[in-house]
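Beneath this line is the structure, given in structure tokens, with notes to follow.
Numbering (my numbering), first residue to last: 82 to 165.
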């Protein structure tokens with residue numbers, strides 16, 4: 082995944098997921114439009130099974146995506162507020 086680059090999965094923590102969420106929220110389409118909250122939630126939803134797989138088959142202690150709140154409109158504003 083582009084955001085985490087070469088960081089091993091077992092080193093990705095809740096804080097990393099929250100920072101990743103913030104990056105997603107700030108991203109724009111090629112046309113300069115914001116991505117819809119539904120799309121952002123879908124992206125997050127697709128990341129969680131990757132970590133679930135690592136928990137089940139590779140002894141990852143826990144899924145940090147499950148510990149993060151789901152991206153939605155209210156969450157977007159709060160993440161931006163807390164990181165400024």
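Quick reminder that beta carbons are idealized off the backbone N, C-alpha and C, glycines included.
Because the structure is a prediction, the values reported are computed rather than measured.
Quiz item: Is residue 95 near residue 130, with beta carbons less than 8 angstroms apart?
Solution: Cβ distance not < 8 angstroms, so residue 95 and residue 130 don't count as in contact.
Exercise. Kindly confirm or deny that the segment 87-104 and the segment 136-145 touch, where touching means at least three C-beta pairs closer than 8 angstroms.
Key: Yes, since at least three Cβ pairs between the segment 87-104 and the segment 136-145 fall closer than 8 angstroms, the two stretches touch.
Quiz item: So what does residue 109 bridge to, in DSSP terms?
Solution: 115.
Quiz item: Apart from the five residues just before and just after residue 85, which ones in its own chain have a Cβ nearer than 8 angstroms to its Cβ?
Solution: A distance below 8 angstroms between beta-carbons, with the five flanking residues on each side excluded, links residue 85 to the following residues of its chain, in chain order: 93, 97, 101.
Exercise. With a cut-off of 8 angstroms on the beta carbons, I'd call residue 72 and residue 152 a contact; round off their distance for me.
Key: Summary: the structure shown does not reach residue 72, with the chain confined to residues 82 through 165, and so no result is reported for it.
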